[in-house]
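Heads up: the sequence shown begins at 72 in the working numbering, then just goes up one per residue. We put the beta carbon where it would ideally sit given N, CA and C, even for glycine.
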Amino acid sequence: MRPIRYFLLIGVCFLYSAVTFAQKLQWNKAGTAFYQEEGHQIYSIPVPGLEPAPFITAELLTPAGTQSPLSVKSFQLSDNEKLVLLFTNTKRVWRYETKGDYWLLDRTTRKLRQLGKGLPEASLMFAKLSPDNKQVAYVSGHNLYTEDLATGKISQLTKDGNRRLINGTFDWAYEEEFGCRDGFRWSPDSKSIAYWQIDARQIRDFLMINNTDSIYSFTIPVEYPKAGESPSPCKVGVVNLATKKTVWMQVPGDSRQHYIPRMEWVPGKQELIIQQLNRKQNTSKVMLLQPATGAAKTILTETDNAWIDVKSYWDDGDITGWDWLQGNKSFVWVSEKDGWRHLYRVSADGTQESLLTPGDYDVISVSSIDEANGRIYFLASPENATQQYLYWVPIAGGKATRLTPASQPGTHAYDIAPGGKYAVHGYQNHQLQPDREVVSLSSHESLSKKTDFAAKAAAAIKEGSHLRFFQVTTEDGVTLDGWMSLPARFDSTKKYPVVFYVYGEPASCTVKDTYGNGINPLYGGSMPDDGYIYISLDNRGTPAPKGRTWRKSIYRKVGILNARDQAMAAKEILKWNYVDKDRVAVWGWSGGGSMTLNLLGQYPEIYKTGIAVAAVANQLTYDNIYQERYMGLPQENREDFIQGSPITYVKNLRGKLLYIHGTGDDNVHYQNAEMLINALVKHNKVFQLMSYPNRSHGIYEGEGTSEHLSATYTEFLRRNCAPGAR
Numbered sequence: 072m073r074p075i076r077y078f079l080l081i082g083v084c085f086l087y088s089a090v091t092f093a094q095k096l097q098w099n100k101a102g103t104a105f106y107q108e109e110g111h112q113i114y115s116i117p118v119p120g121l122e123p124a125p126f127i128t129a130e131l132l133t134p135a136g137t138q139s140p141l142s143v144k145s146f147q148l149s150d151n152e153k154l155v156l157l158f159t160n161t162k163r164v165w166r167y168e169t170k171g172d173y174w175l176l177d178r179t180t181r182k183l184r185q186l187g188k189g190l191p192e193a194s195l196m197f198a199k200l201s202p203d204n205k206q207v208a209y210v211s212g213h214n215l216y217t218e219d220l221a222t223g224k225i226s227q228l229t230k231d232g233n234r235r236l237i238n239g240t241f242d243w244a245y246e247e248e249f250g251c252r253d254g255f256r257w258s259p260d261s262k263s264i265a266y267w268q269i270d271a272r273q274i275r276d277f278l279m280i281n282n283t284d285s286i287y288s289f290t291i292p293v294e295y296p297k298a299g300e301s302p303s304p305c306k307v308g309v310v311n312l313a314t315k316k317t318v319w320m321q322v323p324g325d326s327r328q329h330y331i332p333r334m335e336w337v338p339g340k341q342e343l344i345i346q347q348l349n350r351k352q353n354t355s356k357v358m359l360l361q362p363a364t365g366a367a368k369t370i371l372t373e374t375d376n377a378w379i380d381v382k383s384y385w386d387d388g389d390i391t392g393w394d395w396l397q398g399n400k401s402f403v404w405v406s407e408k409d410g411w412r413h414l415y416r417v418s419a420d421g422t423q424e425s426l427l428t429p430g431d432y433d434v435i436s437v438s439s440i441d442e443a444n445g446r447i448y449f450l451a452s453p454e455n456a457t458q459q460y461l462y463w464v465p466i467a468g469g470k471a472t473r474l475t476p477a478s479q480p481g482t483h484a485y486d487i488a489p490g491g492k493y494a495v496h497g498y499q500n501h502q503l504q505p506d507r508e509v510v511s512l513s514s515h516e517s518l519s520k521k522t523d524f525a526a527k528a529a530a531a532i533k534e535g536s537h538l539r540f541f542q543v544t545t546e547d548g549v550t551l552d553g554w555m556s557l558p559a560r561f562d563s564t565k566k567y568p569v570v571f572y573v574y575g576e577p578a579s580c581t582v583k584d585t586y587g588n589g590i591n592p593l594y595g596g597s598m599p600d601d602g603y604i605y606i607s608l609d610n611r612g613t614p615a616p617k618g619r620t621w622r623k624s625i626y627r628k629v630g631i632l633n634a635r636d637q638a639m640a641a642k643e644i645l646k647w648n649y650v651d652k653d654r655v656a657v658w659g660w661s662g663g664g665s666m667t668l669n670l671l672g673q674y675p676e677i678y679k680t681g682i683a684v685a686a687v688a689n690q691l692t693y694d695n696i697y698q699e700r701y702m703g704l705p706q707e708n709r710e711d712f713i714q715g716s717p718i719t720y721v722k723n724l725r726g727k728l729l730y731i732h733g734t735g736d737d738n739v740h741y742q743n744a745e746m747l748i749n750a751l752v753k754h755n756k757v758f759q760l761m762s763y764p765n766r767s768h769g770i771y772e773g774e775g776t777s778e779h780l781s782a783t784y785t786e787f788l789r790r791n792c793a794p795g796a797r
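If you want it as structure tokens, here you go:
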């Protein structure tokens with residue numbers, strides 16, 4: 072569960088909200104202004120002036136016959152900025168609000184009209200203008216439609232879609248684990264559409280049960296492929312808009328043993344390019360497809376002894392797009408084959424390849440490819456894995472040059488304008504709240520009024536903080552990064568309880584130099600004021616920019632290697648004279664809940680109290696894309712899944728346990744809670760349970776839920792790991 076964070080662009084009185092620190096802005100095509108919706112209006116903010124001007128007024132956003140303007144979730148502009156697609160009345164699909172209503176505003180005629188008339192309310196997904204701006208395509212009810220903008224005629228392109236046969240979007244597992252949601256692409260000539268079809272008809276439903284919303288309970292089915300189950304078959308089709316006939320691409324291999332997470336048109340060509348992964352996700356193939364015949368040709372193959380990540384992993388969850396160079400004669404590709412995550416230029420036929428970012432460091436993410444000015448911008452942090460800064464290399468490759476000023480330690484993000492002249496620069500660290508400014512990119516000079524990040528950073532360093540970053544080396548010779556929040560009025564001659572916050576799986580790091588570290592969102596009060604030491608550590612296997620070996624050493628060892636790293640680091644920390652080894656607690660959510668259970672079971676001599684939320688208690692219950700990526704196939708190495716599962720170690724539990732789970736969790740199923748409970752009962756282990764009816768993985772739905780969760784967590788921690796110095 073990620074908190075909403077807010078950014079204030081100094082010099083412009085607008086509040087920016089974002090789900091992630093690096094949320095992308097909408098720049099105009101010239102790169103001289105960006106757009107922001109605020110107060111039922113859309114403003115254009117020119118650079119360098121930064122004086123907002125109404126771009127689309129509330130009047131234009133008010134449908135005829137109504138008094139209220141639309142509440143706009145997001146919007147898209149045509150290249151000429153005359154047409155605007157507005158996404159409203161949104162509904163959540165799994166994690167994200169990807170379903171809703173779409174409206175089209177013609178800025179020339181000032182006409183506003185709703186698209187998809189006659190289709191169910193709030194059922195449209197991923198509406199996109201055609202390249203020639205004459206049509207819009209969208210998904211509704213798992214089928215693909217186009218709508219003629221001149222006549223309003225709606226054409227249904229696929230008719231076989233349903234909950235099990237999914238056209239133009241994806242099933243639960245593809246969305247959650249690859250970041251695949253938008254499942255269709257317009258052809259460059261606007262005459263056809265390429266789309267994914269996911270066939271979930273052979274995937275068994277997992278049934279969640281609702282016991283509270285009616286007198287008789289009812290089930291909620293989710294097509295969910297567990298570890299060891301074959302994936303949903305996936306194929307790519309190209310539908311001709313004139314004939315409404317689909318040509319299916321002849322991608323080689325068993326569609327039930329492969330994934331296709333990426334697909335795009337080659338710019339200016341009637342040709343598709345895709346990435347295919349085998350089921351183990353350790354072989355990647357890039358193929359060119361011919362829409363007219365379906366013929367496929369593999370141009371690039373890569374293998375790894377562990378797994379191969381996809382684009383969403385290093386691009387803020389965005390799987391879409393393909394980075395072309397040299398008039399589409401080559402493209403940029405990311406690989407870890409030399410031990411570091413690096414950028415390569417690959418020829419369009421796959422026959423030539425060159426390294427663009429040489430050196431012993433990882434590219435964290437690609438910020439912009441500015442071919443006109445000969446630069447590739449990316450985020451990296453060669454010296455400190457807890458931070459990130461902007462670098463650039465020549466388009467032909469070479470030594471990386473840092474652009475972020477050395478006077479601003481912490482975590483930086485950039486939204487770079489087309490043309491590479493300006494960027495919106497976001498900055499935060501463990502002392503400074505997230506903030507934004509507009510900069511002239513080449514000099515990094517701030518164009519925003521009253522913004523001086525260097526002065527803020529210097530003042531924060533001078534002021535000091537109760538939060539400290541540190542490293543600890545275990546008896547295995549592994550050095551882990553960590554942060555530690557010390558109690559207020561800390562006295563090193565006394566002993567304090569310690570609470571470890573854990574995650575530890577390949578999906579996320581907890582030790583980053585970002586604002587909010589040291590703050591426990593579930594604790595009702597101030598941990599420093601109450602006298603707790605609060606610590607988090609990143610073990611091997613977390614996605615820190617420390618090289619391939621660090622990240623992939625966890626392969627087939629999830630629940631074993633990561634738990635040992637955490638425990639051995641804790642063992643060293645307990646040697647500190649101000650840490651009370653009799654008051655040691657650990658907690659985590661999701662993968663962190665699994666880690667908490669594994670630590671309590673595998674290292675009961677260290678951890679005395681644990682709070683696990685929404686944990687995977689049995690690795691065989693989780694989805695195949697995630698679990699098989701990091702663990703292999705249960706059919707081949709089932710013992711690894713068992714050895715890494717917390718229920719295997721329940722018999723060793725000595726400490727106090729609070730287990731928390733939502734019964735409506737479609738991600739980590741409540742099934743895990745009941746399997747865990749059975750194991751605890753079998754071994755006569757007394758524990759405390761808090762189930763939240765119909766709450767999802769985030770456990771936030773319903774009046775009073777968050778407050779109750781915090782109260783439950785806080786009371787248990789204080790009772791079993793008493794606060795304060797002794």
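A distance below 6 Å between beta-carbons, with the five flanking residues on each side excluded, links residue 375 to the following residues of its chain, in chain order: 353.
With a cut-off of 8 Å on Cβ pairs, the segment 762 to 775 is in contact with the segment 727 to 744, counting three or more such pairs.
Take residue 421, set aside five residues on each side of it, and the residues of its chain with a beta-carbon closer than 6 Å to its own are 370 and 371, in chain order. In the DSSP assignment, residue 555 is bridged to 539 and 606. Leaving aside the five residues that flank residue 563 on each side, the residues in its chain whose CB is nearer than 8 Å to its CB run, in chain order, 648 and 649. Bounds of the alpha helix (DSSP H) holding residue 752 are 742 to 753. Here residue 723 carries a helix assignment [DSSP, helix/strand/coil]. For residue 713, there is no enclosing beta strand (DSSP E); the residue is found in the alpha helix (DSSP H) stretching over 705 to 714.
Within a 10 Å sphere around the beta-carbon of residue 771 sit fewer than 16 other beta-carbons, which makes this residue exposed. Residue 320 holds the alpha-carbon nearest to the alpha-carbon of residue 365 among 659, 316, 320 and 683. Annotation for residue 263: 309, 310, 311, 312 and 362 place their beta carbon closer than 7 Å to its own, counting only its chain and skipping 5 residues before and after. Rounded to whole angstroms, the gap between the alpha carbons of residue 419 and residue 346 is 14 Å. Each residue's CA atom was taken as its position, placing residue 546 and residue 629 some 20 Å apart. Residue 128 and residue 103 have their C-alpha atoms spaced approximately 20 Å apart. Inter-segment contact for the segment 467 to 474 and the segment 516 to 532 is absent: fewer than three beta-carbon pairs are separated by less than 8 Å. DSSP lists 278 as the bridge partner or partners of residue 292. Counting along the chain, residue 241 sits inside no beta strand (DSSP E), nor does DSSP assign it H or E at all. Within 10 angstroms of the beta-carbon of residue 413 lie 16 or more other beta-carbons, which makes it buried. Here the alpha carbon of residue 784 sits roughly 22 Å from the alpha carbon of residue 718. For residue 700, the uninterrupted alpha helix (DSSP H) run begins and ends at 695 to 702, by DSSP. Under DSSP, residue 483 forms a beta bridge with 498.
Cβ-Cβ distances below 7 Å link residue 411 to 431, 432, 433, 618 and 619 in the same chain, with the five nearest sequence neighbours on each side left out; the list follows chain order. Under the three-state reduction of DSSP, residue 733 is assigned to strand.
Boundaries of the beta strand (DSSP E) around residue 652: 650 to 660. Of the candidates 243, 252, 187 and 268, the residue whose Cα lies closest to the Cα of residue 276 is 243. Within 10 angstroms of the beta-carbon of residue 283 lie fewer than 16 other beta-carbons, which makes it exposed. Sorting 504, 492, 789 and 338 by C-alpha distance to the C-alpha of residue 510 places 492 at the top.
Cβ contact annotation for residue 190 (same chain, cutoff 7 Å, sequence separation greater than five): 211, in chain order. The beta carbon of residue 193 sits closer than 8 Å to those of 160, 161, 162, 170, 171 and 172, all from its chain and outside the five residues before and after it, given in chain order. At a Cβ-Cβ threshold of 9 Å, residue 487 and residue 460 do not count as neighbours.
Excluding five sequence positions before and after residue 565, the CB atoms of its chain that fall closer than 8 Å to its own CB belong to 649, 796 and 797, given in chain order. If you draw a straight line from the Cα of residue 257 to the Cα of residue 207, it is about 10 Å long. Spanning the alpha carbons of residue 534 and residue 600 requires a straight line of approximately 18 Å. DSSP places residue 360 in the strand class (E or B) of the three-state scheme. In the three-state reduction of the DSSP assignment, residue 335 falls in the strand class. By a beta-carbon distance limit of 8 Å, residue 658 contacts residue 572. Their separation comes to about 6 Å.
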